[in-house]
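Residue numbers (the UniProt record's numbering): 12 to 317. Cβ coordinates follow ideal geometry from the N, Cα and C atoms, glycine included. These numbers come from a predicted model, not from an experiment.
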Ligand code: A3P
């Protein structure tokens, strides 16, 4: 609760949305009993770090590079949101209804790995993940681009209850203080960074590396989950997972999810590195650099900002 509902605008939050129907403490507590095993891969991230992108890549690997299969099954069925409340059936209903997208259940799409994703902070993960019973992949993104993406997300995600007219200048201090959904970016990322350094079942990847060379990242992910692909399959998957291709792919682009107000922003927004330069003022950039130095020095973790 401390992390997930740490919102400064709680009055509107309470009036405007259905927080308990998306993520709630009971559901998170119930995850304690969840048993995950060697055939499970959990993708963890602070929101807007490339979770959906990594989900599509891993899902493609788990389906042996069969992108036609991926195009027949909705992402929300292939990659489950771990902490999503069971009562949130209406999300799926509206998603299907609005887009008229039905997975073809006649296909025998049994993936080699079961994949799910989570935005929970490390300490709230089910014990079986922390004990290394399954694979854990953490996806991180440079915090300046992440902040800009999160700004748009806070305006468009109805369940976060932020006013759609909130400006970047209003959002920026909230991001720096960690007074937002999922709390401080620094706390989230650094806890996972530390964990993945000492755990062979866990891996840490960066959005910017995927952007620079998706093929190379894929190869290392294949090794990590133990499902090697051929070069031909890999080429197909890289094309399938490009931003332009995913943006137009209604099985993966999250269009029509009732939680999102698409008039404000699309889920698949820009998909680039360096968009922060269009938002941060010089003073904001300097202030953030100072905070970044203070929190990150000595951790061994570095990000690319352009
Ligand atoms: P932007 O808002 O900067 O465009 P998440 O899935 O963790 O919520 O992250 C969403 C961010 O990842 C969005 O960033 C989205 O556009 C970007 N993204 C999604 N698919 C992508 C892809 N195939 N290539 C590059 N960026 C992608």
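Closest Cα partner of residue i within the set the options
i           : options            : result
residue 285 : 301, 41, 314       : 314
residue 81  : 251, 309, 269      : 251
residue 217 : 164, 225, 234      : 225
residue 277 : 165, 36, 144, 183  : 165
residue 100 : 33, 194, 294, 317  : 33
residue 68  : 128, 303, 293, 35  : 128
residue 311 : 267, 263, 203, 274 : 203
Buried versus exposed call for residue i [16 or more other C-beta atoms within 10 Å across all chains shown]
i           : result
residue 171 : buried
residue 243 : exposed
residue 308 : exposed
residue 305 : exposed
Near the ligand A3P: residue i beta-carbon under 7 Å from a heavy atom
i           : result
residue 62  : yes
residue 163 : yes
residue 282 : yes
residue 226 : no
residue 252 : yes
residue 58  : yes
residue 279 : yes
residue 82  : no
Local conformation of residue i per DSSP, three classes
i           : result
residue 27  : Any answer about residue 27 is weak, because its pLDDT of 37 lies below 50 and its placement is not dependable; what the coordinates show is given next. Looking at residue 27 - three-state DSSP - the assignment turns out to be helix.
residue 146 : strand
residue 207 : helix
residue 308 : coil
residue 154 : helix
residue 19  : Its pLDDT being 40, under 50, residue 19 is placed unreliably by the model, and the measurement read from it follows with that caveat. Note: residue 19 maps to coil in three-state DSSP.
residue 283 : coil
residue 317 : coil
residue 224 : coil
Anticipated Cβ contact below 8 Å, residue i with residue j, distance rounded
i           : j           : result
residue 64  : residue 221 : 7 Å
residue 245 : residue 257 : Their Cβ separation, rounded to whole angstroms, is 16 Å, which puts residue 245 and residue 257 out of contact at 8 Å.
residue 191 : residue 39  : So it is not a contact: roughly 18 Å between Cβ atoms.
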